[in-house]
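Everything below concerns the one structure shown next.
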Amino acid sequence: MAKIIVVEDEAIVAMATKMMLATLSHEIISVVSMAEQALDAVNNGEADLILMDIKLKGEMDGIHAAEEIRKSKNTPILFVTGNSDAKTKLRIDKISNSSILQKPVMVEDLSHSLKLLLN
Numbered sequence: 001m002a003k004i005i006v007v008e009d010e011a012i013v014a015m016a017t018k019m020m021l022a023t024l025s026h027e028i029i030s031v032v033s034m035a036e037q038a039l040d041a042v043n044n045g046e047a048d049l050i051l052m053d054i055k056l057k058g059e060m061d062g063i064h065a066a067e068e069i070r071k072s073k074n075t076p077i078l079f080v081t082g083n084s085d086a087k088t089k090l091r092i093d094k095i096s097n098s099s100i101l102q103k104p105v106m107v108e109d110l111s112h113s114l115k116l117l118l119n
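Just so it is clear: in the sequence shown, position 71 is 71 by our numbering, and no numbers are missing.
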């Protein structure tokens, strides 16, 4: 069971993600909707993984938040997005210890991606 921070600005998507993670027996230690909150959650807890949406409320997007997180931690990051353009993929490729999962997320795909990042 992994301890996971969920960074998602759409409440319905966050709730569905929490349910999928619970089904997979993972512990959600924090759910936040802004990149700035994600930085605080990462610094205040011991997450095993961060599930990060790319488009977020606030000044920073999820990739910028990941770049900031990488300055102090190497926690695995699973980016979840409906946006898979080449520019976005290039930005994600620069983030070590990360992967991307396309929305809509299916529980089987989520499980597989989590296993890859956590092992």
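Glycine included, C-beta positions come from ideal geometry on N, C-alpha and C.
Just so it is clear, the structure is predicted and the values come from calculations on it, not from any experiment.
Along the chain, where does the beta strand (DSSP E) that runs through K3 open and close? Membership of K3 in the beta strand (DSSP E) is indicated by the continuous run K3 to V7.
If you drop the 5 nearest sequence neighbours on each side, which residues of the same chain put their C-beta closer than 8 Å to that of V129? A question about residue 129 goes unanswered here, because the residues of the chain that appear run from 1 up to 119.
Looking only at its own chain, which residues have a Cβ that is under 7 Å from the Cβ of A47, when we skip the five neighbours before and after it? Excluding sequence neighbours, A47 sits near K3, I4, I5, I29 and T75.
So what's E27 in DSSP terms, helix, strand or just coil? Strand.
Check whether V49 and L118 have beta carbons under 8 Å apart: The sequence given here has Leu at residue 49, not Val. With respect to the 8 Å criterion, L49 and L118 are classified as neighbours on the basis of their beta carbons.
Close beta carbons around G45, own chain, < 6 Å, minus the five adjacent residues each side: Closer than 6 Å at Cβ, skipping near neighbours: I29.
How far does the alpha helix (DSSP H) with D61 in it reach, from first residue to last? Annotation: D61 is outside any alpha helix (DSSP H) and is labelled neither H nor E by DSSP.
Would you check if the distance between the CB atom of L101 and the CB atom of S84 is smaller than 8 Å? No, Cβ-Cβ distance for L101 and S84 is not below 8 Å.
Which residues does DSSP list as the beta-bridge partners of K57? According to DSSP, which records beta bridges pairwise, K57 is partnered with M34.
Would you tell me roughly how many angstroms separate the C-alpha atoms of I63 and D40, rounded to the nearest one? For I63 and D40, the gap between their C-alpha atoms comes out near 16 Å.
Could you tell me which residues DSSP pairs with M52 in its beta bridges? In DSSP, M52 forms a bridge with V7 and F79.
Ends of the alpha helix (DSSP H) at I92? Counting along the chain, the alpha helix (DSSP H) containing I92 begins and ends at A86 to D93.
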